[in-house]
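One line per chain: the protein sequences are R and C, in this order.
Going letter by letter, the first sequence gives residues 305 to 716 in this note's numbering.
Going letter by letter, the second sequence gives residues 305 to 716 in this note's numbering.
The C-beta atom is built at its ideal place from N, Cα and C for all residues, glycine as well.
Protein chains: 2
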Amino acid sequence: MNDFSPLKSSPDFNSLFAGFTPLASEMVPLAMARGRVLASEVVSAELLPPFSRSTMDGYAVRAADTCGCSGLEAAHLTVIGAIAMGDSAQELSLQPGQAARIATGGALPELADAVVMVEVTRHQETGAVEICRPVAPGENIIHAGEDYAHGAVVLSRGSRLRPQDLGVLSGLGITSVPVYRRPRVAILSTGDELVPADQTPSPGKIRDINSTTLAALVEEAGGIAIAHGICGDDFDRLLKVCTKAMEEADVLLLSGGSSRGQRDFTHQVFAAIPQGQMLSHGVSVRPGKPAILARQGNKSLFGLPGPAASAMVIFYCFVRPLLRHYAGLGATLGLSSVRAVTAQPFPSAIGREEYVRVSLSPQEDGALPLATAVYGKSGLLSPLVRADGLLPIGQETEGLGRGIEVSVLLFP
Amino acid sequence: MNDFSPLKSSPDFNSLFAGFTPLASEMVPLAMARGRVLASEVVSAELLPPFSRSTMDGYAVRAADTCGCSGLEAAHLTVIGAIAMGDSAQELSLQPGQAARIATGGALPELADAVVMVEVTRHQETGAVEICRPVAPGENIIHAGEDYAHGAVVLSRGSRLRPQDLGVLSGLGITSVPVYRRPRVAILSTGDELVPADQTPSPGKIRDINSTTLAALVEEAGGIAIAHGICGDDFDRLLKVCTKAMEEADVLLLSGGSSRGQRDFTHQVFAAIPQGQMLSHGVSVRPGKPAILARQGNKSLFGLPGPAASAMVIFYCFVRPLLRHYAGLGATLGLSSVRAVTAQPFPSAIGREEYVRVSLSPQEDGALPLATAVYGKSGLLSPLVRADGLLPIGQETEGLGRGIEVSVLLFP
């Protein structure tokens, strides 16, 4: 039982991810594409906007005709027509001394090169208009192709699609896009003591918590959670369930059974999976040390610790970056962080990364929030519920003093 | 056409939200509850964990029996049984001098008050065990109810449910929870120039962009987007479509037609909606000034500017806080922000809040990122695509200099 490779440090563990590649792409309609990652560059096949548009209600003019005009000495132009929003301006062409009424968003007539806003004009009953302020060429206009020229790169491969990006795509008439597939993540809890959340545990048993927590963590990270329930601590059964789960999943999260005790089948099971290859057993992170990583081709298998707090830290530090890597986002944590000040000393041992659960309390006068440790055994849930995020303490650091400025990773 | 109330400042506009109340609650299963907000307090109806558990593989003991022991002078205890994970320990009761083998997560026998980890014990063939290090009462144990006692408040009303919160609920056997209903948001674009994204616009027409952008913004903010497509600039038709949309929606977002030009039916339509009541026309924010807010009972109607950048700023500043208020999250922006340094001066007029689109470039040596303005007409989309977030400039501020530390709101 002592045939484990030495504990890996967190950077070592993450470097194992380089061996995995992002998932294949799939076409999705824009309405489903928010937060997804483009699997190829998008190039504009047309001009956006397709024609020069007015950004004001007013008069399309030739700017030269307004040169030097003022309220006292207005330029008099002949109004030859009106362009409402949505009208084609193709039949209109401005000759010197002419203007056309135009609405915001209206298409500019031929030979017009500026728009005068209506507020600085005086409409004449005679069909003329007085212009009381000069405009420069291009003023109050968006030119055809000013947003995107024909052939312009609109979005690069690897872009995470935000609402405005989807808007641009719809503006270009692109209604579905190739994005990296979302990783399918099979979730399995192991332990003879576990019963499903909807059952009343008999003496000695407890309800399965990790299935619920991990499914929510996976979905939050952009994956698709596939529930596989609970499997007892039985090698043959675990091997069968895991092998089956890997047929449809890209990732397996097996929680429990990964400490060094007598029931640690996880690493044996992963090693016995067809084409299974152990990558690491154990990582020098606290809480969470017993984290196992194996691969099956481009698929990955994680053995997570059973205690909820440990499973969650390992998820954030290792599973989440790999899920993001699969989805084309890069193997990063992808968590927001805030600057805070330690409200107390945070002791920590050298040679081991530590992730301390902390709560944040706002301070007055714009001072940084105070980070207070929410200590508690890793098997307890209440400290996680009270915490706002994790304070990472590097493995070269022998703890932190009180009043130190730090960066706290926020739970999403 | 000049019967508008004066422009409201952003705090005035937000104070209008106080008149709206969070939506009714609904029961949802845990698997659907991530990110939702609890509509009532959750109290534990049982002990969690339900029994005292070992956090180690080892031996359950009476701590007093290990007092003063060491590797040289071990304590000898009689092993009276073994408790595996999931076993009931009800039939075992430790007398002085007795121990029981126990697995991590195992239920503690009667009268045991600590666990000795297996690494500091020596198993004897005789059925005894040698203990080489003393333990204190409570060591390596999670006590029954240590997480949550009977009747303890687990989560308060208004809590946003995170993965760990859902985990605790499943641990307590609570498989569905009362949460505030997600706001249903009807989205309608108005403008005679608009065609749907899947059509090729004829001359003078452009594709509808706001429907796509706003739907994604709504979903990102936790709402349910209901697409109502495009409606031409026609009072009767707009009134009919809006009235119908409000039958099933909590919020209406009508974009376009809210400038002061000739086709501005939005405020007339909102005022004509049955039980409609105008709250504000115009807010002193740039870009986005023409933002209209009306109510119909507890429902709200927003008139948003047509240009994409303006619509988006108004969404983030005003619609998003109201959606969050409806969902029980409080009328806050709910956007992450980062500290940055201005890469250039940011001129701004006093008396008007400004939200400048900025891109952020990382700096070396841990310096704050540089915020550079991504200027562009509000009708252009490409500046929004290039931007990482918004730099708010308060209405009392006459612009910002170069090299000033600022807080940038990140696009989610």
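A549 of chain R and A490 of chain R have their C-alpha atoms spaced approximately 6 Å apart. Contact residues of the region 441-458 of chain R toward chain C are I446, E450, D451, Y452, V458 (C-beta to C-beta distance below 8 Å).
Legend: CB atoms of the region 518-536 of chain C lying less than 7 Å from CB atoms of chain R belong to residues A519, A520, L521, E523, E524.
Taking every protein chain shown into account, the CB of Q402 of chain C has 16 or more other CB atoms within 10 angstroms, so this residue is buried. Residue ranges of uninterrupted alpha helix (DSSP H) with 4 or more members are absent from the region 476-506 of chain R; none lies entirely inside it. Among the CB atoms of chain C, one or more fall inside 7 Å of the CB of F715 of chain R. With a threshold of 16 other beta carbon atoms within 10 Å, L556 of chain R meets it and is buried. Straight through space, the alpha carbons of M336 of chain C and A615 of chain R are spaced by roughly 21 Å.
Taking C-beta separations shorter than 7 Å and ignoring five residues to either side along the sequence, the partners of A386 of chain R in its chain run A404, R405, following chain order. Using a Cβ-Cβ cut-off of 7 Å, G634 of chain R is close to nothing in chain C; its nearest Cβ partner there is about 14 Å away.
Counted as a single uninterrupted DSSP element, the alpha helix (DSSP H) harbouring F574 of chain C occupies residues 570-576. Contacts with chain C at 7 Å (Cβ-Cβ) include T359 of chain R. G462 of chain R and P482 of chain R have their C-alpha atoms spaced approximately 11 Å apart.
Going by DSSP, R366 of chain C is part of no beta strand (DSSP E) at all; its letter is neither H nor E. The region 656-663 of chain R and the region 690-708 of chain R touch, with three or more beta-carbon pairs separated by less than 8 Å. Membership of Y659 of chain C in any alpha helix (DSSP H) is not indicated; the residue belongs instead to the beta strand (DSSP E) covering 657-665. Here Y630 of chain C really is in contact with P487 of chain C; their C-beta atoms are around 4 Å apart, less than 8 Å. Listed in chain order, the non-local C-beta contacts of G632 of chain C below 7 Å within the same chain comprise P326, V341, A343, G462, Y484, local neighbours out to five positions each way being set aside. Taking one beta carbon from each stretch, the region 683-691 of chain R and the region 448-460 of chain C have 3 or more pairs nearer than 8 Å; the two touch. The residue from C:N602, C:G477, C:P716 with its alpha-carbon nearest to that of G638 of chain R is C:P716.
For the pair of segments examined, the region 364-379 of chain C was found not to touch the region 659-675 of chain C: the number of CB pairs separated by less than 8 Å stays below three. DSSP places I528 of chain R in the strand class (E or B) of the three-state scheme.
In its chain, beyond the 5 residues on either side, Y452, A456, V458, L476 have a beta carbon closer than 6 Å to the beta carbon of S348 of chain C. From the listed residues R:A525, R:E395, R:Q399, the smallest Cα separation to P625 of chain R is found for R:A525.
Neighbourhood of L334 of chain R in chain C, by CB distance below 7 Å: T516, in chain order. Contact with chain R is found for P507 of chain C, since one of that chain's Cβ atoms lies less than 7 Å from the residue's Cβ. Sorting R:G527, R:Q468, R:C535, R:P400 by C-alpha distance to the C-alpha of P500 of chain R places R:C535 at the top. Residue contact with chain R for V472 of chain C: present (Cβ-Cβ distance below 7 Å to some residue of chain R).
When DSSP states are grouped into helix, strand and coil, H427 of chain C belongs to the strand group. For the pair C546 of chain R and I577 of chain R, the Cα-to-Cα distance works out to about 8 Å. The bridge partners DSSP lists for A411 of chain R are R:R357.
Distance from the CA of V573 of chain C to the CA of A416 of chain R, rounded to the nearest whole angstrom, comes to 34 Å.
If you look at A613 of chain R, you'll find it in the alpha helix (DSSP H) that goes 612-618.
Considering only R:A575, R:K509, R:L605, R:P591, the residue with the shortest C-alpha distance to E552 of chain R is R:L605.
Contact residues of the region 487-498 of chain C toward chain R are G495, D496, E497, L498 (C-beta to C-beta distance below 8 Å).
Listed by position along chain C, the residues whose Cβ is nearer than 8 Å to that of D469 of chain R are V689.
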